[in-house]
Amino acid sequence: MRAIRIGGLRGDDPMQVVLSPMSREIVHFEAPPRQGLETGLQQLIHWFNNPPSDLDGLIRAGIAHV
């Protein structure tokens, strides 16, 4: 188990969702590389704060949670 970085972006290590039944490890999800995370996050925040006028708020909230 690793310490959790509260309020910070993840480091350079791969971010994975892993299940380890018995002796084998199964990777269920691996996030995109760390490079470009800040840019993508800034784009998401800009999009969320300046949504298209015809976009329903519920749809916008759903997209932001994905």
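For the sequence shown, the positions run 74 to 139 when my numbering is used. In this text, a Cβ means the ideal position worked out from N, Cα and C, and glycines have one as well.
Quick one: grab the DSSP three-state call for Ile118. Taking the sequence shown and counting its residues from 1, one reaches residue 118 at position 45. The answer is helix: DSSP assigns Ile118 an H, G or I state.
Gly81 versus Met74: straight-line alpha-carbon distance, rounded: Walking along the sequence shown from the start, residue 81 turns up at place 8. Walking along the sequence shown from the start, residue 74 turns up at place 1. About 18 Å.
DSSP on Glu103, reduced to helix/strand/coil? Here residue 103 is taken as the residue at index 30 of the sequence shown, counted from 1. Collapsing the DSSP output to three states places Glu103 in a strand.
Leu128 (DSSP reduced to helix, strand or coil): The sequence position of residue 128 within the sequence shown is 55, counting from 1. It is coil, neither helix nor strand.
Tell whether a beta-carbon distance below 8 Å holds between Gln115 and Val100. Reading the sequence shown from its first residue, position 42 is the one you call residue 115. Reading the sequence shown from its first residue, position 27 is the one you call residue 100. Contact flag unset, no.
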